[in-house]
Ligand code: CMC
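Numbering (the working numbering), first residue to last: 59 to 487.
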């Protein structure tokens, strides 16, 4: 904490209002405005562009530098040296596990991968062409109806079991969405496989044959989960915190996070990128789409470009670019026409004055869709994969909030509607 103070003078309010200025370990100082309500004032910040809604020790982003740290560790190092489950442990517990802790954690997660058999009935209720994110919102929320034994949010052990269950069951539910859309039998998890290998087994395996998982693909899948594991107070994580602040159970909170992630400005962008590349269809049409993206009167945006926080390269997109080359190389798909369009689009956007001036760099979603397409994952499953990876971050933030003193999230408003007026009887309207 610093001794700095901020002074505010407001017409009509007596004297100077003095507010504490708080300093974190990294990042800008924040002005603690919580005393303003006592002076009859609120702050106004649509989109929370200047508002820190909480204190957190989990993830730090420096958008200008293009830096992303989980518990202090750079994302590039985690992507190169760690794996998804170890990163989940790190996010939740604050430190990397030692060998024994890691083994115990992996064994625990892998022993929770199966879902209650009644979940199958939920899937039977969905149309074959239901969007997998719609199914995920429903079935993840429904998990609360199966685990009454771990819903006491004030009990740290209950919170831990719920966290394990969510991280373990998300890939199983994600793969069930895919199998449902294909009309294929659901695959039970194989707990002898690694986390990401098991996901690919449940996605692409069938009960009649032994699954064959390409280790390059399994590694790429694991890094995709890892790169999506957390991103501090983004829209879906803030949604999870807000839902959790009312005391709602973790399954309901994660389901609300999935709903917030679904939109194309957030997690839905990876699906939108691939749809956009397909719509462009040919390198000769790139200029036309870039021109549309720059036109103020056209709502079209280049999907996969720009970020609220990064005003530099998204560090995850550089890692993703590397895996993209590796996966496509391993699959002999280096000349994939969509990849060629993506590379050309990236080059143009990085040189174009509009994108340079507005600091619109490729984000994580720009390359992830191309990799997932090469792996054989259908476009509408992309955001489900994002949700599966992000569950680690959501649950870590939820747990951090519940473990510390917190208030129900209750933003205020600038009301611009009618002042009080009298009810008009039906016959007089
Ligand atoms: N294409 C064209 N113009 C853009 C784009 C884009 N992708 N992104 C922003 N702009 C322009 C925008 O029109 C505005 O111009 P002006 O100042 O002239 O009005 C300016 O850049 C700032 O945009 P903004 O919407 O005020 O910025 P924001 O911080 O509110 O939005 C964003 C960030 C990610 C929603 C936005 O950049 C966007 O819509 N990008 C495309 C969707 C996308 O790729 N989303 C994935 C984000 S990364 C994954 C995740 O975290 O979920």
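Beta carbons are placed, not taken as given, at the ideal position from N, Cα and C, and that holds for glycine.
Straight-line Cα distance separating residue j from residue i
| i | j | result |
| --- | --- | --- |
| residue 388 | residue 327 | 26 Å |
| residue 355 | residue 411 | 18 Å |
| residue 314 | residue 464 | 19 Å |
| residue 472 | residue 102 | 7 Å |
| residue 100 | residue 137 | 42 Å |
| residue 63 | residue 323 | 36 Å |
| residue 488 | residue 374 | With the chain covering 59 to 487 only, the question about residue 488 has no answer from this structure. |
| residue 394 | residue 386 | 8 Å |
| residue 167 | residue 179 | 24 Å |
| residue 282 | residue 294 | 18 Å |
| residue 428 | residue 483 | 60 Å |
| residue 171 | residue 246 | 9 Å |
| residue 436 | residue 253 | 20 Å |
| residue 70 | residue 316 | 44 Å |
| residue 481 | residue 123 | 56 Å |
| residue 358 | residue 487 | 42 Å |
| residue 377 | residue 391 | 19 Å |
| residue 438 | residue 331 | 12 Å |
| residue 417 | residue 407 | 10 Å |
| residue 25 | residue 197 | The requested residue 25 does not occur in the structure, where the chain is confined to residues 59 to 487. |
| residue 188 | residue 379 | 31 Å |
Endpoints, beta strand (DSSP E) assigned at residue i
| i | result |
| --- | --- |
| residue 118 | 117–120 |
| residue 63 | 63–66 |
| residue 228 | First-last for residue 228: 214–240, but that is the alpha helix (DSSP H), not the beta strand (DSSP E). |
| residue 144 | Looking at the DSSP string, residue 144 is not in any beta strand (DSSP E); the run it does join, the alpha helix (DSSP H), is 142–151. |
| residue 76 | 75–80 |
Own chain, CB closer than 8 Å to residue i, minus 5 neighbours either side, in chain order
| i | result |
| --- | --- |
| residue 192 | 184 |
| residue 404 | 420, 424 |
| residue 125 | 118, 119, 132, 373 |
| residue 153 | 129 |
| residue 87 | 60, 62, 79, 80, 81 |
Cutoff 6 Å; reference residue i; Cβ partners in own chain excluding five residues on either side
| i | result |
| --- | --- |
| residue 117 | 128, 288, 290 |
| residue 360 | 351 |
| residue 433 | 275 |
| residue 141 | 280 |
| residue 244 | 234, 237 |
| residue 145 | 136, 284, 287 |
Chain-order list of residues whose beta-carbon lies under 7 Å from that of residue i (same chain, five-residue window excluded)
| i | result |
| --- | --- |
| residue 444 | 286, 319, 325, 328 |
| residue 248 | 256, 259 |
| residue 302 | 311, 456, 459, 460 |
| residue 341 | 398, 399, 402 |
| residue 454 | 116, 149, 150, 288 |
| residue 338 | 344, 347, 399 |
| residue 304 | 466 |
Extent of the continuous alpha helix (DSSP H) run through residue i
| i | result |
| --- | --- |
| residue 267 | Careful: residue 267 lies outside any alpha helix (DSSP H) and carries neither H nor E. |
| residue 431 | 422–433 |
| residue 455 | 440–461 |
| residue 196 | 190–200 |
| residue 350 | 344–352 |
| residue 208 | Per DSSP, residue 208 belongs to no alpha helix (DSSP H) and is neither H nor E. |
| residue 182 | 177–182 |
| residue 167 | 157–168 |
| residue 396 | 395–409 |
Residues bridged to residue i (per DSSP)
| i | result |
| --- | --- |
| residue 324 | DSSP output for residue 324 lists no bridge partner at all. |
| residue 125 | 120 |
| residue 363 | 420 |
| residue 88 | 80 |
| residue 131 | 128 |
Check: residue i C-beta below 6 Å from any heavy atom of the ligand NAD
| i | result |
| --- | --- |
| residue 467 | Among the ligands modelled here, namely the ligand CMC, the ligand NAD does not occur. |
So does the stretch 201–216 actually touch the stretch 263–275, counting three or more Cβ pairs closer than 8 Å? no
Does the stretch 149–161 come close enough to the stretch 235–251 that 3 or more CB-CB pairs lie under 8 Å? no
For the 8 Å Cβ check, are there 3 or more pairs between the stretch 419–427 and the stretch 365–380? yes
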